[in-house]
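For the first sequence, my numbering begins at 11 and goes up steadily by one.
Report on the structure given below.
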Amino acid sequence: MLPPPQFSHADFVAVLSRCATLAHLKQLHAHSVVTARATAQTTTFHLLRFASLRLSCLPYARRLFDSTPHPNVFLYSAMLSAYAAASPAHAYSRDTLALFLRMLHRGRPAPNQFIYPLALRAACAVGVQLIRSIHSHACKSGFHAYDVIMTSLLDGYSRYGMMPDARKLFDGLTERNVVSWTALVSGYARAGKVGNAIVLFDQMPERDVAAWNALIAGCAQNGLFVEAVGICNRMVGEGFRPNGTTVSCVLSACGHLGMLKIGKVIHGYAWRNCVGFGSSVVNGLIDMYGKCGNLKEARWMFSEVSDRSLTTWNSLINCLALHGHSESAIAVFSEMRDEGIEPDEVTFVGLLNACTHGGFVNEGLMYFELMNGELGIEPEIEHYGCIVDLLGRAGRFEDVMSVIKNMKVQPDEVIWGSLLNACRKHRQLELAEFAIKKLLQLNPNNANYVVMLANLYSEGGFWEEVTKVRKLMQEDIMGKKLPGCSWIEVDRKTHTFYSGDDAHPESEDICNILEELAASMEMCQD
DNA sequence: ATAGGGTTAG
């Protein structure tokens, strides 16, 4: 039932807004063609926006765009917005930039102030050079006084850690608002300068939920989990309502801290407030329950999600691996592949960790090969760490050394540390000495390594070396040693333990039980 | 008629 051909533009928009499926939209599109309404680019504009933003049908949107002989700047920006709204973010950066370059190349239509922010967002996925050239292009075209464009640039530079450039842009804005402030705050946080971020945040004349989220995420990204939870508390106290983004950030912080109680409180909050139980919140819940050791709940949350994103799978695999449920982690991985989800580099960190913890040497090597070969995922240092650990534990030192030699990245402390661990287990004195020396090169201030070297020499009876190392220990390094620390929450009270500290009132009992556990673990080894 | 800041997995 279509309206008569002479219906007005307002009627057209009204009918469009009631299209529930692509089939409806196509009918309206056909009708527009027949009635010659489609020759007006305004019509195409509306159809394109609706196809992309409401029906998430990018191919159809692009066909609408491509069927327009000389798209005007509105159609370009509608197409670029469609790409920007797609998920995952930056999935269509290349297409976005290709269209932007086409505009510049053809000289028509000239990009306006709405085009630059869209192009810049895509440029963030490519590199800072591109951001620079778009910056100069924008300035040459007279857009240097457009705050929105300058804020996009500010954000782009800050994503590459170039805070002085970002700051300069911020100071040059004609009017600073909550968006530009937030961009700067999260820039400092991403650059690891949380102190600056907090100071700026406190100076902000006006805040919204996104501004709070920027600070909370910034703390969490820098390992300040307690602060992240605290700021969330402060935010609620000041009358702001946490949304899905807030909830996932804080859940992640709770997971890292093992704060199951607070995690449950946030779970309850999200439930009561219907804070879009969108995938990010559920992913956060899986991660939080999993990291806190409540794998049953994590699996339950997982089973409750209907649209599982890659992150959903990665969260579960990682948690299972973390708690030594190696077979389950591998099983979930196969399930994931059966469902046609393409694993990424994070998936393989979890999977390889599972193989390492379970001692599945052949499986681990097979998955490493699958990742590197068939799937073409370039191994990162974390993956090499897993492989070194895997081979080292199995005593395959020649293979370990050949992996380390052929790595495309510089070995870090995790790599040499894993090798060292393996050497101690398999009593490989010479290689252990080599590993410790590498560790000391990377981090001369870590006194632990010097102590290990001394122990190693005395175990082997190399007394001259022992004397040399002991002398080194007495010099400057020892004061810099940071004691290891761990904590656990029991009945709303957090118990903290430093390495070698017996301050806890039940320290003696705890140590006795630890010794018993260690003894029974020894028994299980053989 | 269109644009900028805040997620989660290692």
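Note that the Cβ used here is the ideal one computed from N, Cα and C, for glycine as well.
Am I right that residue i and residue j are in contact with their C-beta atoms under 8 Å? What's the rounded C-beta distance?
| i | j | result |
| --- | --- | --- |
| TYR126 | SER162 | 7 Å |
| LEU361 | ALA339 | 6 Å |
| THR78 | THR54 | 5 Å |
| LEU109 | LEU90 | 6 Å |
| ASN431 | GLY402 | 7 Å |
| HIS333 | LEU305 | 6 Å |
| ALA99 | LEU63 | Wrong, their Cβ atoms sit about 15 Å apart, outside the cutoff. |
| ASP157 | LEU183 | 5 Å |
| GLY405 | HIS436 | 5 Å |
How about residue i and residue j: do their beta carbons lie closer than 8 Å?
| i | j | result |
| --- | --- | --- |
| LEU140 | ALA133 | yes |
| THR366 | LEU330 | no |
| LEU267 | PHE235 | yes |
| LEU68 | ALA48 | no |
| ASN232 | ALA199 | yes |
| LEU164 | ALA176 | yes |
| VAL291 | SER258 | yes |
| GLY374 | ILE351 | no |
| ALA322 | VAL315 | It should be noted that the sequence gives Thr, not Ala, for residue 322. Yes; because the gap between Cβ atoms is below 8 Å, this pair is in contact. |
| PHE343 | ILE327 | yes |
| SER196 | ALA238 | no |
| GLY427 | LEU450 | no |
| ALA135 | GLY171 | no |
| VAL460 | LEU429 | no |
| GLN438 | PHE472 | no |
| VAL285 | ASN253 | yes |
| VAL356 | ASN382 | no |
| VAL246 | GLY228 | no |
| HIS393 | PHE370 | no |
Look up residue i in the DSSP assignment and say whether it is helix, strand or coil.
| i | result |
| --- | --- |
| ASP21 | helix |
| GLY383 | coil |
| CYS329 | helix |
| ASN206 | helix |
| GLY374 | helix |
| THR477 | helix |
| LEU492 | The predicted model places LEU492 with a pLDDT of 47, which falls under 50 and marks its position as unreliable, so this point remains unresolved. |
| ALA339 | helix |
| TYR70 | helix |
| HIS34 | helix |
| VAL188 | helix |
| TYR394 | helix |
| ALA404 | coil |
| GLY117 | coil |
| MET214 | coil |
| PRO353 | coil |
| MET346 | helix |
| GLU516 | coil |
| CYS65 | The question names Cys, but residue 65 in the sequence shown is Leu. Three-state DSSP puts LEU65 in coil, outside helix and strand. |
| TYR86 | helix |
| ARG131 | helix |
Closer than 8 Å by C-beta to residue i: which residues in its own chain qualify, once you throw out the five before and the five after it? Chain order, please.
| i | result |
| --- | --- |
| ALA24 | none |
| ASN82 | GLN51, PRO119 |
| LEU26 | LEU35, LEU38, HIS56, LEU57, PHE60 |
| ASN465 | none |
| ALA221 | VAL188, TRP191, THR192, VAL195, PHE211, MET214 |
| ALA129 | LEU90, THR106, LEU107, PHE110, PRO121, ILE144 |
| LEU385 | GLU352, PRO353 |
| LEU492 | With a pLDDT of 47 at LEU492, under the threshold of 50, the modelled position of that residue is not reliable, and no figure is offered here. |
| ILE159 | GLN123, TYR126, PRO127, LEU130, ALA148, PHE153 |
| MET346 | TRP323, ILE327, PRO353, THR357 |
Excluding the five sequence neighbours on either side, which residues of its own chain have a C-beta within less than 6 Å of the C-beta of residue i, listed in chain order?
| i | result |
| --- | --- |
| VAL424 | GLY395 |
| GLY368 | SER336 |
| GLY265 | ASP297, MET298, LYS301 |
| LYS178 | none |
| LYS418 | none |
| GLY166 | LEU130, CYS134, ILE141 |
| ASP8 | Outside the modelled stretch of the chain, which goes from 11 to 536, sits residue 8, for which no answer is possible. |
| ALA207 | VAL195, TYR198, ALA199, GLY228 |
| ALA280 | VAL257, VAL291 |
| ASN293 | THR321, THR322, SER325 |
Note down, in chain order, each residue of its chain lying with its Cβ closer than 7 Å to the Cβ of residue i, except the 5 sequence neighbours on either side.
| i | result |
| --- | --- |
| ASP536 | Low confidence applies to ASP536: its pLDDT is 40, below 50, so where it sits in the model is not reliable, and the reading given next is rough at best. There are no such residues. |
| VAL476 | ALA464, TYR467, SER468 |
| GLY303 | HIS333 |
| ILE226 | ALA238, ILE241, CYS242, THR256, CYS259, VAL260 |
3-residue-minimum beta strand (DSSP E) runs that sit fully inside the segment 146 to 186, ordered along the chain: Here no run is fully enclosed.
Completely contained alpha helix (DSSP H) runs for the segment 444 to 470, where each covers 4 or more residues: If we require 4 residues or more, the alpha helix (DSSP H) runs fully inside the segment 444 to 470 come out as 457 to 470.
Every unbroken alpha helix (DSSP H) inside the segment 266 to 323 [4 residues or more]: 270 to 282, 289 to 301, 305 to 314
Inside the segment 235 to 268 only - alpha helix (DSSP H) runs reaching at least 4 residues: Note on the segment 235 to 268: whole alpha helix (DSSP H) runs with a minimum of 4 residues are 235 to 247, 254 to 267, in chain order.
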